[in-house]
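J.: Sharing a structure below in structure tokens format, with a few things to ask.
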Amino acid sequence: MIEARGLVKRYGSTTAVDNLSFDVRPGTVTGFLGPNGAGKSTTMRMMLGLDRPDAGTVRINGKNYRDLRSPLREVGALLEAKAFHPGRTARSHLTALAASNGIPRRRVNDVLEITGMAQLETRRQADRRAGKFSLGMAQRLGIAAALLGDPAVLLLDEPVNGLDPEGIRWIRNLLKNLAAHGRTVLVSSHLISEVAQTADQLVVIGQGRLLAQTTVAELSARSSSLEEAFFQLTEGSTEYSASNIAYRGSLS
Amino acid sequence: MTTATLTRGATRTAGGYGFRSVARMEWLKLRSVRSTAWVLLVFAAGMIGLAILVMAHQHWATMSPADQASFDPTNNSFAGLALGQLALGVLGVLAITTEFSSGMIRATLAAVPRRPLLLAAKAAVLGAVTLVAGEVLAFAAFAVGEAVLRSPAPHATLGQPGVLRAVLMAGAYPGLIALIGLGLGAVIRHTAGAICAVVGILFVLPLILVPLGTSIQNSVGQFMPMLIAENSLTAVKPQSHTLSPGLGFGMLCLYAAAALAVGSWALARRDA
């Protein structure tokens, strides 16, 4: 369970996140949607205690992130940008992170297996320096790190970025499975069509503000198609609002 | 995909993170990047190489009586500290700036949200590794230096008054510079900028004093880290305008503590 209450984050004169409140419930995949620059990544960094909110709070299972006793066992996160040292192997990276929270070393093998980094044809991937990884392999390493502590809450920022179709299908199944086991899963994306493949619940933001907390079914009933309903909802809060029509045309 | 291992409970055990587990992570991190080995290799080469270079070229016969009187065979064995301090200072910088440049810091802080604890664990691991490396190389440089020094120049032995103290302090010095580098790295976050700051403190500050005149050089210079190492820590024969070895060592500990305190404050206060 994640509860955001009145979150505000400013960078200089720009307000990236503006009085944002929403809940993310366990047992289902929640899509975190918004156009580029809507404040999704900033919000996720505040959830992890990486960025300090200017106002408001975000609680994970009733606690501030900084008060968690064993954070990796409670929250797993895949952030937008790479979060590993390029000179370290995938296995060393995971082993070091596991040690910090007292997670047994065998769990490193487990997550390498879950993410397909220990399979025969990619076995060497786990022992290669991560700086040489393709975008897709880097995403798998990020997901492996998120799963290390077998956490009840997962935050994934744009997890399908850089994945090939096979990888995307794998991620979709993984997310559904994680939620089916009772976990809280929050997945950000700027593509409604992608999110609709796995998510039931939706949190839609634009320019840092909450536009809707709804379900995929409810949103798609609002208009002729899910995408059309999404565009109507986010209209006026995209970075491209001046050329909104042309932007929409290029996507369909 | 293996769904079986997704069932929650795979890692349910008691306990949270603490200094020991975080220090263990930092130890695993430090030894799993190649830069650590390279920097330690440069450190070893500098300590041993310069000891040989300087000690093998002491020509007792051609020295003036004044030079002969002030000749300090212990102090001269540690010429390599000039390079060695820079190597370990860089190691300290890299221990934190590569986390920022690669994005690793976000994974680290998600695992260890208590940031002062993280920096304390980093400092403990870095301090232990650099202290061991420093002491090993200090004794090695001393032994090699005395071995290549030609008679009739007087030789130093560990049994002579002040010599063991000088060797031990020479070994501890580069580790303290590493901790200063770590603290500066936590504040500056960029590798190049933080290394510049270390070079500035070690090499440029003493140069700035030169045009200010002898009296300022004498009064302020004795507090400069590199001059403390040269004139206080590793000197067996007392020199003028210098801190005592104990006071000099205390000053360096104070600098390291201050750098780490500021680094910890900056790390805790700023977004990652």
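Top line first, the protein sequences correspond to chains A and B. Oh and the first sequence: position 18 is 17 in numbering that gives the first Met the number 0, straight run, nothing missing. Oh and the second sequence: position 244 is 243 in numbering that gives the first Met the number 0, straight run, nothing missing. Note that the Cβ used here is the ideal one computed from N, Cα and C, for glycine as well. Since the model is a prediction, treat every value here as computed from it, not as a measurement.
Are the C-beta atoms of S263 (chain B) and some chain A residue less than 9 Å apart?
T.: False, the Cβ-Cβ gap to chain A never drops below 9 Å.
J.: Could you list which residues in chain A have their beta carbon closer than 8 Å to that of K121 (chain B), in chain order?
T.: Near K121 (chain B) there are no residues of chain A at all, since even the closest Cβ is about 12 Å away, more than 8 Å.
J.: Of all Cβ atoms in chain B, is any one closer than 9 Å to the Cβ of V100 (chain A)?
T.: Checking the sequence shown, residue 100 (chain A) turns out to be Asn, not Val. Yes, because at least one Cβ of chain B sits closer than 9 Å to the Cβ of N100 (chain A).
J.: Using a Cβ-Cβ distance cut-off of 9 Å, determine whether R51 (chain A) contacts chain B.
T.: R51 (chain A) counts as touching chain B.
J.: Taking 8 Å as the cut-off, does the stretch 172-182 of chain B touch the stretch 118-127 of chain B (at least 3 CB pairs, one atom from each stretch)?
T.: Counting Cβ pairs under 8 Å, three or more are found: they touch.
J.: For the structure I just gave you, are there three or more beta carbon pairs, one from the stretch 20-35 of chain A and one from the stretch 100-113 of chain A, closer than 8 Å?
T.: With a cut-off of 8 Å, the stretch 100-113 of chain A and the stretch 20-35 of chain A do not count as touching, because too few Cβ pairs lie within range.
J.: Checking the sheet assignment: what are the DSSP bridge partners for R128 (chain A)?
T.: Its beta-bridge partners are A:T88.
J.: Under 9 Å, Cβ to Cβ, is there at least one residue of chain B near H84 (chain A)?
T.: So, interface residue.
J.: Using a beta-carbon distance below 9 Å, is D17 (chain A) in contact with chain B?
T.: No, D17 (chain A) lies away from the interface with chain B (no Cβ there is under 9 Å from its Cβ).
J.: At a CB distance below 9 Å, what residues from the stretch 236-251 of chain B approach chain A? Give them in sequence order.
T.: Listed in sequence order: no entries.
J.: Apart from the five residues just before and just after A55 (chain B), which ones in its own chain have a Cβ nearer than 7 Å to its Cβ?
T.: V147.
J.: Which same chain residues, not among the five before or five after A125 (chain A), have their C-beta less than 6 Å away from its C-beta?
T.: Correct list, in chain order: A89, R90, L111, M116, A117.
J.: When burial is assigned at 16 or more other CB atoms within 10 Å of the CB, is R268 (chain B) buried or exposed?
T.: Per the 10 Å Cβ criterion, exposed.
J.: Measure the beta-carbon distance from T183 (chain A) to P25 (chain A) and round it to whole angstroms, keeping in mind my assumption that it falls under 8 Å.
T.: About 4 Å separates the two Cβ atoms, so the contact holds.
J.: Taking DSSP as the reference, what is the three-state secondary structure of N100 (chain A)?
T.: DSSP places N100 (chain A) in coil when its eight states are reduced to three.
J.: Would K131 (chain A) be called buried (16 or more neighbouring beta carbons within 10 Å of its own) or exposed?
T.: Exposed, since its Cβ has fewer than 16 Cβ neighbours within 10 Å.
J.: Entirely within the stretch 59-146 of chain B and at least 4 residues each: give me those alpha helix (DSSP H) ranges in chain order.
T.: Whole alpha helix (DSSP H) segments, 4+ residues: 64-69, 72-75, 80-101, 103-110.
J.: Would you say T88 (chain A) faces chain B, with C-beta separation under 9 Å as the test?
T.: It does: the Cβ of T88 (chain A) has a partner Cβ on chain B nearer than 9 Å.
J.: Quick one: Cα of A179 (chain A) to Cα of T27 (chain A), how far?
T.: One C-alpha to the other measures close to 7 Å.
J.: Are there 16 or more other CB atoms within 10 angstroms of the CB of F83 (chain A), so buried, or fewer, so exposed?
T.: F83 (chain A) is buried by the Cβ-count criterion.
J.: Return no unless some Cβ of chain B is closer than 9 Å to the Cβ of V57 (chain A).
T.: No, V57 (chain A) lies away from the interface with chain B (no Cβ there is under 9 Å from its Cβ).
J.: Since D17 (chain A) contacts R208 (chain A) with CB under 8 Å, what's their CB separation in whole angstroms?
T.: The pair is a contact, with the Cβ atoms about 5 Å apart (cut-off 8 Å).
J.: Span of the beta strand (DSSP E) holding A220 (chain A)?
T.: That residue, A220 (chain A), is in no beta strand (DSSP E); it is neither H nor E in DSSP.
J.: Would you call the stretch 207-218 of chain B and the stretch 126-134 of chain B in contact, with 3 or more CB pairs under 8 Å?
T.: The stretch 207-218 of chain B vs the stretch 126-134 of chain B: no contact.
J.: Rounded to a whole number of angstroms, what is the C-alpha to C-alpha distance between A193 (chain B) and V261 (chain B)?
T.: Looking at the two C-alpha atoms, the distance is approximately 14 Å.
J.: Taking the C-alpha atoms as reference points, what is the distance between L117 (chain B) and G101 (chain A)?
T.: Cα-Cα distance, rounded: 15 Å.
J.: Closer than 6 Å by C-beta to A134 (chain B): which residues in its own chain qualify, once you throw out the five before and the five after it? Chain order, please.
T.: Per the sequence shown, the amino acid found at residue 134 (chain B) is Glu instead of Ala. Correct list, in chain order: G170.
J.: Measure the CB-CB distance between K236 (chain B) and S69 (chain B) and report whether it falls below 9 Å.
T.: In contact: K236 (chain B) and S69 (chain B) (Cβ atoms closer than 9 Å).
J.: Tell me which same chain residues have a C-beta within less than 7 Å of the C-beta of A22 (chain B), skipping the five on either side of it?
T.: Here the set comprises A120, A123, V124.
J.: When the Cα atoms are used, what is the spatial distance from S150 (chain B) to L242 (chain B)?
T.: One C-alpha to the other measures close to 31 Å.
J.: Taking C-alpha atoms, which residue in A:D199, A:H92, A:T42 lies nearest to R128 (chain A)?
T.: The shortest Cα separation from R128 (chain A) among A:D199, A:H92, A:T42 belongs to A:H92.
J.: Within the chosen definition, does the stretch 71-81 of chain B reach the stretch 41-60 of chain B through at least 3 CB pairs nearer than 8 Å?
T.: At 8 Å Cβ cutoff, the stretches touch.
J.: Per DSSP, which residues does G205 (chain A) bridge with? Please list them.
T.: Note: G205 (chain A) sits in a beta bridge opposite A:R208.
J.: Measure from the C-beta of R188 (chain B) to each C-beta in chain A and report whether the shortest distance is under 9 Å.
T.: Taking Cβ atoms only, chain A never reaches closer than 9 Å to R188 (chain B), which makes this a no.
J.: Thinking C-alpha only, which one of A:L19, A:L155, A:A98, A:M136 is nearest E165 (chain A)?
T.: The shortest Cα separation from E165 (chain A) among A:L19, A:L155, A:A98, A:M136 belongs to A:M136.
J.: Would you say A110 (chain B) faces chain A, with C-beta separation under 9 Å as the test?
T.: Yes, contact with chain A.
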